[in-house]
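Right, one structure below, let's go through it.
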Amino acid sequence: MNIKLQDTKAEPAGSALGEINQLFHLQYARRKQHFADKISRGDILLIVRMDSRLIACCGDSISEYTVNGPAYHRLKALSHSTMAVYYTLLQTPQPDAAVLLRKLLAQLKREIDNPAGRQLFAATRQLLSTVAYDGTLDHGLILQYSHKLEPVFAQLMLQSATDETMHLLLQLEKITAQFNKASADTFFVVFGGPQARYRQLARQVFKKWCKQSDDLVIDTNHQVRYYEHGTTLDDAITLVATVLADRELAQTFLGRADALEQDVLGQVAEEAINRCWQQRKNAAE
Numbered sequence: 378m379n380i381k382l383q384d385t386k387a388e389p390a391g392s393a394l395g396e397i398n399q400l401f402h403l404q405y406a407r408r409k410q411h412f413a414d415k416i417s418r419g420d421i422l423l424i425v426r427m428d429s430r431l432i433a434c435c436g437d438s439i440s441e442y443t444v445n446g447p448a449y450h451r452l453k454a455l456s457h458s459t460m461a462v463y464y465t466l467l468q469t470p471q472p473d474a475a476v477l478l479r480k481l482l483a484q485l486k487r488e489i490d491n492p493a494g495r496q497l498f499a500a501t502r503q504l505l506s507t508v509a510y511d512g513t514l515d516h517g518l519i520l521q522y523s524h525k526l527e528p529v530f531a532q533l534m535l536q537s538a539t540d541e542t543m544h545l546l547l548q549l550e551k552i553t554a555q556f557n558k559a560s561a562d563t564f565f566v567v568f569g570g571p572q573a574r575y576r577q578l579a580r581q582v583f584k585k586w587c588k589q590s591d592d593l594v595i596d597t598n599h600q601v602r603y604y605e606h607g608t609t610l611d612d613a614i615t616l617v618a619t620v621l622a623d624r625e626l627a628q629t630f631l632g633r634a635d636a637l638e639q640d641v642l643g644q645v646a647e648e649a650i651n652r653c654w655q656q657r658k659n660a661a662e
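The sequence shown maps to residues 378 to 662 in our numbering.
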């Protein structure tokens, strides 16, 4: 069903208040465009964590820097190999599963120069020699397999995190040397993925980078932003323009720059909910 979000910018419809609401949203959009123009002029350095790259945007200058290279993707593929074994055994007919898993085992054998790869190969070979391709999956064997590989996953995760962190720091050093922008004029945007926890490492690296800056007094949560569904550089520009407009608005009308960092109604939610529950209870008595 193609049900879309309704536009409530002109609500309440057919009234003067609806026109006022529409006027606010029009002027708010103009203010956000003002900040987007500042970014476009190069007043602000924008660093975006996007797919395997960092994108640095400062006015007309847009540069790409690789973060996740072949070594990182090799570690990620090794981690995925065990899940590939599990799903193949679970979902693939016996003859096809045997062919696919023999091929997978041969590919893992090429990775035995890495200690983790060597352990993966040995554990997978033992599992496949034990499994009878009779169309059933012995979950006890899978549990033994996964338990044996727990320390291997720990190695792979640490290697992956170290690789990504080192490359992030290397590229951040290049970017800051190239553009020489103050930390207060630098914003970091991390694009997400299918899970809200995605790219937590990049956010942590950016926040630590900001905290170590000598010229930054603003909370690092202001400089480092997460956009779960962002896909383009324009998305990042729009996000930061919104952040700047909201901070200005919150400081002016709510007395605290970060007051719009959460749902405004959420700040009084507990009191409102308690009142409504009590009214409902009183009405029932």
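Each residue gets a CB set at the ideal place from its N, CA and C atoms; glycine is no exception.
From a predicted model like this one, the values you see are computed outputs, not experimental measurements.
Quick one: measure Cβ to Cβ for residue i and residue j, integer angstroms, because I've assumed they're closer than 8 Å.
i, j, result
"residue 442", "residue 548", "4 Å"
"residue 615", "residue 422", "Not quite, the Cβ-Cβ distance comes to about 17 Å (not below 8 Å), so this is no contact."
"residue 633", "residue 617", "Contact flag wrong, Cβ pair sits at about 20 Å."
"residue 537", "residue 452", "5 Å"
"residue 504", "residue 462", "7 Å"
"residue 508", "residue 518", "6 Å"
Can you check whether the CB of residue j is closer than 7 Å to the CB of residue i?
i, j, result
"residue 478", "residue 465", "yes"
"residue 642", "residue 623", "no"
"residue 529", "residue 425", "no"
"residue 532", "residue 493", "yes"
"residue 608", "residue 582", "no"
"residue 395", "residue 419", "no"
"residue 390", "residue 399", "no"
With residue i as the anchor, note down where its beta strand (DSSP E) starts and where it stops.
i, result
"residue 441", "438–443"
"residue 424", "422–427"
"residue 431", "430–435"
"residue 566", "563–568"
Which residue marks the beginning of the alpha helix (DSSP H) containing residue i, and which one marks its end?
i, result
"residue 652", "646–661"
"residue 393", "393–418"
With a 10 Å radius around its C-beta and 16 neighbouring C-beta atoms as the bar for buried, classify residue i as buried or exposed.
i, result
"residue 427", "buried"
"residue 516", "exposed"
"residue 438", "exposed"
"residue 459", "buried"
"residue 653", "exposed"
"residue 558", "buried"
"residue 401", "exposed"
field: Residue ranges of each alpha helix (DSSP H) within the region 462–544, 4 or longer
entry: 471–486, 492–507 and 516–525
Length at least 4, wholly inside the region 576–615: the alpha helix (DSSP H) runs in chain order: Unbroken alpha helix (DSSP H) stretches of 4 residues or longer found wholly inside the region 576–615: 577–588 and 597–600, given in chain order.
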